[in-house]
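Protein chains: 2
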Amino acid sequence: MTTAIILAAGKSTRMGAKADKAFLSLIGKPVVAWSLMAFERTPEIDKIVLVVRKDQLDASKAVVKMFGISKIQAIVQGGTRRQDSVLAGIAACDLDTKHIVIHDGARPLVTPELISEVVAAVKKSGAVTVGRPMIDTVKKCAKAAIVSETVDRDKLWLVQTPQAFLLKDLRAAYKNVDGEITDDCKAIEDNGGTVKIVQSLKPNFKITTIEDFELVSKIMK
Amino acid sequence: MTTAIILAAGKSTRMGAKADKAFLSLIGKPVVAWSLMAFERTPEIDKIVLVVRKDQLDASKAVVKMFGISKIQAIVQGGTRRQDSVLAGIAACDLDTKHIVIHDGARPLVTPELISEVVAAVKKSGAVTVGRPMIDTVKKCAKAAIVSETVDRDKLWLVQTPQAFLLKDLRAAYKNVDGEITDDCKAIEDNGGTVKIVQSLKPNFKITTIEDFELVSKIMK
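Each protein sequence line maps, in turn, to chains L and A.
Following this note's numbering, the numbering of the first sequence begins with 40 at its first residue and continues without gaps.
Following this note's numbering, the numbering of the second sequence begins with 40 at its first residue and continues without gaps.
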């Protein structure tokens, strides 16, 4: 069994204190509904666990019903840090789950084709993430917005979600996580695992600012 | 005097051998025409030098005429490496040029507002680039698409163009460049200069693949 965990419990601090980006209306549907629909339509996905903030539990039930998300396994409350939300999602998975696919609810451009590709890759390689080679120049700024170093972008990749793992590997990796991490592959890497990148050049932006929201709206129209 | 150098001599290797991305038709106009029009409309820009491949010199003259680019100072032939094209552009600048603004012709989403902001910043700070904080996770792959390391993205910025400098500083910096560089700020940094980032969250993609071309088309429509 393959279960998807969709994370929509983020704080959206960059969009203003009151905004909950996962539930903003994007071309007439809540941002998170687009990801739910993409996973619903992917044949390789059996179950979906949705992780949200406590105050969105009721709204989430309504969204799941309204958009006919029949694969929903559970809607659970997330934590303060990303990893707390992932662990809450893992705890709610069906016990028969072998592979787990984790996706940021704030990346509504994900497609069933991409999810299928990720599931095929995890079955082959054991731990995978979607990513693309770095195009822009990368600078490090020690002080705010003052360049202290140009980072060699050769061999650098930008990685996104979905990411997918063997559930047993991710569970084992999280047992050894110390401190905060913002990406599940990192847990696997730190635990000695190998992560493969599934290259995707199509837009798959994470909505973190109003500008991103406007950009994604334009792309979806 | 402030002169813009627009670079459109790139090889477009990622779009197939025959494609010249700067001259592909994007919503009815060549890609590079969008940048030319943005610089033409920016009051703070006095002159424009366009750098193209030898086989595009005639087409470029036609583009400049067709889109009424009255600020054109010269259309010159670029070199194999980005830095050769920059040096060709510098050599063609009006002698009264104090500030220079360098822009990738493959970034057609640039706006007069952003260019004005960059010119104001260079007049204050001496060396500037447009950029945004890193949102996606960054991985290093020693072997193709196998993650070898997660790069700490804290303090990392993605930088783009326009970039702007005092012409005398850029000239001095390029005298000390040894080997290939793909970003003009790097020349300034290596020469002891300080580069400031002008934050811009609006889309400003560089067209390097067919997927990027489709993305930018959607945004512009």
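All C-beta atoms in this analysis are idealised placements derived from N, C-alpha and C, irrespective of residue type, glycine included.
Taken through DSSP and simplified to helix, strand or coil, Gly128 (chain A) comes out as helix. Contact annotation: in the region 140-171 of chain L, residues whose CB is within less than 8 Å of a CB in chain A are Thr168 and Gly170. The region 230-247 of chain L and the region 197-214 of chain L touch, with no fewer than 3 CB-CB distances between them shorter than 8 Å.
Under the 8 Å criterion on CB atoms, Glu79 (chain L) is classed as non-interfacial with respect to chain A. Against chain A, the CB of Ala181 (chain L) has a partner CB under 8 Å away; the residue lies at that interface.
Here DSSP, grouped into helix, strand and coil, assigns Lys182 (chain L) to strand. Counting only the Cα atoms, Gly170 (chain A) lies some 24 Å from Leu65 (chain A). By the Cβ neighbour-count rule, Met54 (chain A) is buried, with 16 or more other Cβ atoms within 10 Å of its own. Neighbourhood of Thr248 (chain A) in chain L, by CB distance below 8 Å: Leu240, in chain order. Using a CB distance below 7 Å, the part of the region 194-218 of chain L facing chain A consists of Lys194, Leu195, Trp196, Leu197, Val198 and Gln199, ordered along the chain. Burial state of Leu254 (chain A) is buried, judged by a 10 Å Cβ sphere holding 16 or more other Cβ atoms.
Counting the other CB atoms within 10 Å of its CB gives Gln238 (chain L) a total below 16, which places it among the exposed residues. Secondary structure of Pro69 (chain L) (DSSP, three-state): strand. For Arg92 (chain L), same chain residues with a beta-carbon under 6 Å away, outside a window of 5 residues either side, are Ala48 in chain order.
Assignment of Pro151 (chain L) by DSSP, reduced to helix, strand and coil, places it in the helix class. A check of alpha carbon separations from Cys132 (chain A) across A:Val167, A:Val158 and A:Leu89 identifies A:Leu89 as the nearest. Buried is the label assigned to Gly117 (chain L), since at least 16 other Cβ atoms lie within 10 Å of its Cβ.
DSSP lists L:His138 as the beta-bridge partner residues of Leu205 (chain L). Taking the Cα of Gln122 (chain A) as reference, the smallest distance to any Cα among A:Lys178, A:Asp135, A:Ile44 and A:Ser187 is reached at A:Ile44. Less than 8 Å divides the Cβ of Pro69 (chain L) from the Cβ of Val102 (chain L).
In terms of beta-carbon proximity, Lys50 (chain A) stays away from the interface with chain L, with every pair separated by 8 Å or more.
The beta carbon of Ser109 (chain A) lies closer than 8 Å to those of Glu79 in the same chain, with the five residues before and after it left out. Each residue's CA atom was taken as its position, placing Thr248 (chain L) and Asp97 (chain A) some 42 Å apart. Not one beta carbon of chain L lies nearer than 8 Å to the beta carbon of Cys132 (chain A). In the structure shown, Ala166 (chain A) adopts extended strand secondary structure according to DSSP, grouped into three states. Neighbours of Val234 (chain L) in chain A, taken as residues at a C-beta separation under 7 Å, are given in chain order as Val186. Contact fails between the region 128-145 of chain L and the region 180-191 of chain L, because fewer than three Cβ pairs, one in each stretch, are under 8 Å apart. For Thr119 (chain L), the closest alpha carbon among the candidates L:Ser256, L:Phe204, L:Lys50 and L:Ser164 is that of L:Lys50. Taking all protein chains shown into account, Asn215 (chain L) has fewer than 16 neighbouring C-beta atoms within 10 Å of its C-beta and is therefore exposed.
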